[in-house]
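Peer 1: Chains as they are written, first to last, in this note's numbering: chain G, 3 to 249; chain R, 168 to 668.
My structure is below; once you've seen it, I'll send some questions.
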């Protein structure tokens, strides 16, 4: 048994298997052969964000049961990671396993940057717009963000910036939300799509060929809009970019 | 808590009992206490208010983008001035700590403020709720035979709906903040707490002034429009018998208070008429005068990107020959104070930065929230008063967290929004489609076999179904977006094959 477990969010498992595989490849490239515990399903965020904490609690419990025995849990989603790290305390009050889990669950880029201290080298000759996913940014603090007045840092950008040929384009609004927001995407459909279209327009104006991000859920929303409008802009998970570049 | 008590100048008697006064127990106002929420069959329940109104706002694409840019412009200015400020984050932390400290002994500081305000010659009134606040203000005005009042911007009086109340009692109230006057003339609520008429274009205002103030038709030059409003308001100032202001900061150690405006209208409202009534929420008190050095530095910078408001007016007792009344209002605030997970929302200094940064607010407009204080802070405050009526507001957010990071007093807005969702869920104040989806999804996801089975069924079925069936009228995702393509194999199936087991 490896001491690193891979948590692949449900929608990635079902709709974006290539992102999961890219995550596996990438970790292996840095010498980490992670376990994939088969009992895993979903972190519970869709239910919790809908206000149905009671429906989310058993999933939080299940997550802790499946993953607590590992030293590290790595997940290619900032949003799901922040659900576990920041919000399980509200779902399972007094659950003793949460405190330890908070210290060992990592978003993929965070894990590569902070724990593995990876410096990915490879080639990705494209103009890339980096989509900062909000939960990665403002819950996990993967970057300093545009609001706070602290020394600037950006872990996801650092991982990408080492690739040869990559051009990271400058956006007019560097970290505005794409409007996905989980069930918000459906219950506030009008605003959600208006936000998504604005985000896409920002990337287009900046000349991006690829929108890359560390959360496939944001990218699924943007991809849905792009495909409906038959636009050439593509979306890629950061794991896919790094896996493709470092082959 | 006493219903109301008026304390006369220099009287120490009136302050007795405040120290002994326990923090008021939860008082349901027009809603129910969170522990006894109504079921969603209740007629006052509004589960879809925000999305419905927001969709109407979004329908006008040009106006939506104009509004988004107009409000984002303020966020940009805030970014620029705060960047030139090395101690910005320290000030945020300090402001937050001062507020937390003050709230931890709020009764003491309010009492101290009352004592010192009395010593300065002010009169102090306590109001439990909006109705009581309105009655107190009216009784002061009635005692003085006042029929014409000017008012500078006060979100508290908006929250209490003071204007319609006074008007129903035959008193003319004129809002003197330009934005407030504009929305007052349109008989609508402010759409932003700092820029009440941010939803209107100059052409809209020209049309309004043509109709109401005799402006020539088609006038849209901001300077000419402002001059017209200025002349109109000057007459009102001169004719007024009383002035009402809000309070930005009340200082416990001095008994004075501060009102911030950009137009100087609070000064005119109080310098011309002999009677000044200042209305403040209980959370407006700060311990020391020097605390202003923290809050005044972040207030205008956060709000509009100005270093400071054009006017920062300090009031210490009535002006010579005049009378000053201070009305201290609870209106549900002590109930928030008792709930630790929501307490920080009382730090709010009403700068509006959370609205300016909120991608949902910018694209749905302030009126879509249906409350006096819109945006993220409004969405965490409103459900305290009436959870059923404002049940859609905690969901009017992607929980992106930008609000929490711009807040100059570190209110954990997006976490409070999530806490509210949980609370509304427990009270069955979540739309049925969310509850059903969540129950079914939760059941499936709690069982690995069910998850795998239904996942496979969905992936097999989706590509084979006719497009018209998948993109049906109830598929809100598919209205403007494609669904992701369903792969033949899930990750776990591919992974297992690759690992060879």
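By construction, the Cβ of each residue, glycine as well, lies at the ideal position given by its N, Cα and C atoms.
Just so you know, these numbers come straight off a predicted model, no measurement behind them.
1. In whole angstroms, what is the alpha-carbon distance linking residue 138(G) and residue 81(G)?
2. Between residue 641(R) and chain G, is any beta-carbon pair separated by less than 8 Å?
3. Residue 111(G) versus chain R: which residues are under 8 Å apart at the beta carbon?
4. Give, in chain order, every unbroken run of the beta strand (DSSP E) that is at least 3 residues long and sits entirely within the segment 302-365 of chain R.
5. Is there a Cβ of chain G sitting closer than 8 Å to that of residue 246(R), yes or no?
6. Please identify, using Cβ separations under 8 Å, the residues of the segment 217-231 of chain G that lie next to chain R, in order along the chain.
7. Give a yes or no on contact between the segment 220-233 of chain R and the segment 508-523 of chain R, applying the rule of three or more CB pairs nearer than 8 Å.
8. Can you give me the Cβ contacts of residue 543(R) inside the same chain, cut-off strictly under 6 Å, excluding the 5 residues immediately before and after it?
9. Reducing DSSP to helix, strand and coil, say where residue 138(G) ends up.
10. Got a sec: is the Cβ-Cβ distance from residue 543(R) to anything in chain G below 8 Å?
11. Would you mind stating whether residue 111(G) and residue 157(G) have Cβ atoms separated by less than 8 Å?
12. With a threshold of 8 Å between beta-carbons, can residue 24(G) be considered close to chain R, or not?
13. Can you tell me whether residue 446(R) is helix, strand or coil according to DSSP?
14. Taking all protein chains shown into account, decide if residue 280(R) is buried (16 or more other Cβ within 10 angstroms of its Cβ) or exposed.
15. Here's the rule: buried if 16 or more other CB atoms are within 10 angstroms of the residue's CB, otherwise exposed. What is residue 481(R)?
16. Pull out every residue of the segment 73-94 of chain G whose Cβ sits closer than 9 Å to any Cβ of chain R, in chain order.
17. Taking just the CA atoms, how far does residue 210(G) sit from residue 134(G)?
18. Pairs of beta-carbons, one from the segment 648-666 of chain R and one from the segment 606-617 of chain R, closer than 8 Å: are there three or more?
19. What's the call for residue 322(R), buried or exposed, on a 16-neighbour Cβ count within 10 Å?
20. In this structure, what does DSSP give as the bridge partners for residue 37(G)?
21. Establish whether the CB of residue 49(G) and some CB of chain R are separated by less than 8 Å.
22. Please confirm whether residue 644(R) has its beta-carbon closer than 8 Å to some beta-carbon of chain G.
23. Going along the chain, which residues of the segment 511-527 of chain R sit with their C-beta nearer than 8 Å to a C-beta in chain G?
24. For residue 131(G) versus residue 140(G), is the C-beta spacing smaller than 8 Å?
25. Using only the alpha-carbon positions, how far apart do residue 101(G) and residue 25(G) sit?
26. Do residue 290(R) and residue 483(R) have their C-beta atoms within less than 8 Å of each other?
27. Which bits of chain R does residue 182(G) rub up against, with CB to CB less than 8 Å?
28. Is the CB of residue 354(R) under 8 Å away from at least one CB in chain G?
29. Scan the segment 222-249 of chain G and note each continuous alpha helix (DSSP H) run of 4 residues or more that stays entirely inside, going in chain order.
30. Under 8 Å Cβ-Cβ, which residues of chain G neighbour residue 416(R)?
31. Which chain G residues sit within Cβ distance under 7 Å of residue 221(R)?
32. Compute the Euclidean distance between the alpha carbons of residue 325(R) and residue 398(R), then round it to the nearest angstrom.
33. Going straight from the alpha carbon of residue 284(R) to that of residue 424(R), what length do you get?
34. For residue 532(R), decide whether its Cβ has a neighbour in chain G, counting only Cβ atoms nearer than 8 Å.
35. Could you give the uninterrupted runs of the alpha helix (DSSP H) lying entirely in the segment 80-137 of chain G, keeping only those of 4 residues or more?
36. Should residue 390(R) go down as buried or exposed, given a rule of 16 or more other Cβ atoms within 10 Å for buried?
Peer 2: This is what the structure holds:
1. 6 Å
2. no
3. Residues of chain R passing the Cβ test: none, with the nearest at roughly 18 Å.
4. 315-318 and 339-342
5. yes
6. 222, 223, 225, 226, 227, 229 and 230
7. no
8. 521, 525, 570 and 580
9. helix
10. no
11. yes
12. Closer than 8 Å: no.
13. strand
14. buried
15. Exposed, by the Cβ-count rule.
16. 88, 89, 92 and 93
17. 14 Å
18. no
19. So residue 322(R) ends up on the buried side.
20. 7(G)
21. yes
22. yes
23. 524, 526 and 527
24. In this structure, residue 140(G) does not lie closer than 8 Å to residue 131(G) by Cβ.
25. If I take the Cα positions, the gap works out to 26 Å.
26. No. Outside cutoff.
27. What residue 182(G) touches in chain R: 565.
28. no
29. 240-247
30. Neighbours of residue 416(R) on chain G: none; closest Cβ ~23 Å, over 8 Å.
31. 190, 192 and 193
32. 24 Å
33. Residue 424(R) has its alpha-carbon roughly 9 Å from the corresponding atom of residue 284(R).
34. Not a single C-beta of chain G is nearer than 8 Å to the C-beta of residue 532(R).
35. Fully contained in the segment 80-137 of chain G are the following alpha helix (DSSP H) runs of length 4 or more, in chain order: 80-84, 90-93 and 99-106.
36. With a 10 Å radius around the Cβ and a threshold of 16 neighbouring Cβ atoms, residue 390(R) comes out exposed.
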